[in-house]
Ligand SMILES: NC(=O)c1ccc[n+]([C@@H]2O[C@H](COP(=O)([O-])OP(=O)(O)OC[C@H]3O[C@@H](n4cnc5c(N)ncnc54)[C@H](O)[C@@H]3O)[C@@H](O)[C@H]2O)c1
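Residue numbers (the numbering used here): 1 to 323.
Structure below.
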């Protein structure tokens, strides 16, 4: 099979691409290597992928329609759209780039799927859509009309466009709402990476709130990649949570990393950010029913792998900014 993966130098796109190629497929990857976070990490992931023979890379912006059209001179068994502006708090600072990539970029891809008669589209969406008012754990049919950030609002827009293209053109669409993905070579703007770096380097560990009131349903990146690939089969129009069904309180995440790194955290408490969701927890019954998917990697195993990766790559990772 031949797949188009957008955001292939990103954290999740990198693993999805690797797993597809290892499974014997060809992947055409797109990424614009933007500086939403330090590009050294993106280039490191890309270098791993470029070792793989069935991987071909295009440095293209999803908003550049003429360049994107050229990539669609070939046909694909599916388009997997993992490219996005992905930070919750950063989306408050510059919402426009979120609308450009997450909504217009998704629209550009959907239009090309329609024009080229590509049958399958996968969209990365987010647990952030569940906002503050839904009962825990979050089910896919919960109310997503109260996004707390431009990031969440942009994903709501992308999901809605996918529904229109499914309705109008019978495009088979699988939307995954990921829950806090972590693992080796993860995003430096996310908590797992930051906590490992800050504790390892003796830097202050920024905690929004008291650390006891917020929790995250962390999901290991390889589990996420397996789920995305399982979702490539025809499913009509489906929205599916990929999470762990096992939320971890923030302070317990810090305590585990302290134990694995062998150092105490220097906590620096800051006020809770209004754009952040306090707690996430995934109901994953739908993923189990439709895909036979359950996460395989425990939080301790996953954080251990992240800490080991950090230690192996510390010579360059210690200098990566965490904003
Ligand atoms: N990591 C998580 O915890 C998480 C949780 C929920 C949803 N998601 C979603 O999963 C997807 C992947 O997230 P990630 O954590 O790998 O993020 P990431 O930022 O590491 O990866 C996204 C990649 O897309 C690329 N990109 C961004 N805008 C682009 C554009 N206009 N044109 C081409 N490439 C562009 C970036 O350079 C980056 O390499 C995103 O859609 C994100 O919103 C992630």
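Every residue, glycine too, gets a C-beta built ideally from N, C-alpha and C. Note that the structure is predicted; figures quoted are calculated from it, not measured.
Distances from the alpha-carbon of residue 299 to those of 244, 318, 317 put 244 closest.
When C-alpha distances from residue 37 are compared across 4, 79, 85, the shortest belongs to 85. Under the DSSP definition of a beta bridge, residue 240 partners with 176. Residue 180 sits away from residue 122, with the two beta carbons spaced by 7 Å or more. Proximity to residue 119 across 103, 258, 163, 76 peaks at 76, based on C-alpha coordinates. With contacts defined by Cβ atoms closer than 7 Å, residue 254 and residue 265 form a contacting pair.
For residue 4 against residue 30, the beta-carbon gap comes to about 7 Å, under 8 Å, which counts as contact.
Here DSSP, grouped into helix, strand and coil, assigns residue 78 to strand. Between the alpha carbons of residue 162 and residue 303 lies a gap of roughly 34 Å. Assigned with DSSP and collapsed to three states, residue 105 falls in helix. The beta carbon of residue 283 sits no closer than 6 Å to any heavy atom of ligand 1. Secondary structure at residue 266: strand, using DSSP grouped into helix, strand and coil.
A buried status is given to residue 177, since no fewer than 16 other beta-carbon atoms sit within 10 Å of its beta-carbon. Between residue 133 and residue 147, the gap from beta carbon to beta carbon reaches 7 Å or more.
Going by C-alpha positions, residue 322 is about 11 Å away from residue 41. A Cβ-Cβ separation of about 7 Å places residue 217 in contact with residue 246 under the 8 Å criterion.
Distance from the C-beta of residue 170 to the nearest heavy atom of ligand 1 is not below 6 Å. In its chain, beyond the 5 residues on either side, 85, 91, 150, 151, 154 have a beta carbon closer than 7 Å to the beta carbon of residue 98. Within the chosen limit of 6 Å, ligand 1 does not reach the beta carbon of residue 57 with any heavy atom.
Distances from the alpha-carbon of residue 282 to those of 276, 240, 189, 13 put 240 closest. Taking C-beta separations shorter than 6 Å and ignoring five residues to either side along the sequence, the partners of residue 114 in its chain run 169, following chain order. The beta carbon of residue 62 sits closer than 6 Å to at least one heavy atom of ligand 1.
In terms of Cα proximity to residue 189, the closest of 9, 88, 23, 235 is 88.
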